[in-house]
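Below: the structure, in structure tokens.
Numbering (the working numbering), first residue to last: 1234 to 1465.
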């Protein structure tokens, strides 16, 4: 449901006892699916498993659930990450491909809510070069890329794929809801100054609320099937 794709990840789970991160399959985006469950939170080293687990308050561990049934469900998924998510260069290539397929002009941040965040029947591919602040009741559909800090407040959220790749910082209110998958990666600072290695990510859940991050292969499939005409 949530992948922190770096080394030295920092995670602040907040104090609310209601926000959930659920790796079990959730039907969504008009697609009823019964696929296999996944981890609630995936990281890439054993040290990050310990660090992220320590960032989850004791009154919230039961809200991080996934395939293995333990709580909190934080697992090292480095062996199962696809190749295009395992290095700085691979992620930059992935983002370049997505940027060339946007359904609306690239947004230069810092920015607020995009004017068109899509619908279930017309998902969008949105690329924000910089910071993005989703607020109010804004709920998007499709693929969202944010190269700066993604801030989600109010009743906002996303249905599909969210890639916070660049500075690798996602700060979400406890009231926000994200269905599909969220990946956070730091491609800018590198590990201990080595710009070829993914650096530490920063993520936090702020304040109370009954929101959550829910894995949904249906929402991922819908977002992945978005097509646009391209000038060649």
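Note that CB positions come from ideal geometry on N, CA and C, so glycine has one too.
Nearest to residue 1410 by alpha-carbon distance, out of 1391, 1420, 1404 and 1338, is 1391. For residue 1358, the enclosing beta strand (DSSP E) begins and ends at 1357-1362. As the crow flies, the alpha-carbon of residue 1371 is around 27 angstroms from that of residue 1289. Counting C-beta atoms within 10 angstroms of its own C-beta, residue 1407 has 16 or more neighbours from the protein chains shown and is therefore classed as buried.
In the structure shown, residue 1331 falls within a helical segment according to DSSP collapsed to helix, strand and coil. Secondary structure within the stretch 1255-1317: the beta strand (DSSP E) runs of 3 or more consecutive residues, fully enclosed, are 1274-1276 and 1307-1309 (chain order). Following the DSSP letters along the chain, one finds residue 1451 inside the alpha helix (DSSP H) bounded by residues 1450-1457. Counting C-beta pairs closer than 8 angstroms gives fewer than three between the stretch 1305-1320 and the stretch 1353-1364, which falls short of the contact rule.
Beta-bridge partners assigned by DSSP to residue 1373: 1391. In this structure, 1452 is the residue among 1341, 1452, 1394 and 1278 with its C-alpha nearest to the C-alpha of residue 1265. No Cβ-Cβ contact shorter than 7 angstroms links residue 1383 with residue 1398.
For residue 1404, the enclosing beta strand (DSSP E) has its first and last residue at 1402-1406. An exposed status is given to residue 1295, since fewer than 16 other beta-carbon atoms sit within 10 Å of its beta-carbon. In chain order, 1240, 1309 and 1311 place their CB closer than 8 angstroms to the CB of residue 1278, counting only its own chain and leaving out the 5 sequence neighbours on each side. Between residue 1434 and residue 1281, the gap from beta carbon to beta carbon reaches 7 angstroms or more. With fewer than 16 other Cβ atoms from the protein chains shown falling within 10 Å of its own Cβ, residue 1339 counts as exposed. Residue environment for residue 1455: buried (at least 16 other C-beta atoms within 10 angstroms of its C-beta). Cα atoms of residue 1275 and residue 1337: separation of roughly 31 angstroms, rounded to the nearest angstrom. A direct Cα-to-Cα measurement between residue 1300 and residue 1253 gives close to 14 angstroms. With respect to the 7 angstroms criterion, residue 1362 and residue 1341 are classified as neighbours on the basis of their beta carbons. Under the DSSP assignment, residue 1436 falls in the beta strand (DSSP E) whose first and last residues are 1435-1439. Residue 1418: member of the beta strand (DSSP E) spanning 1410-1419, first to last residue.
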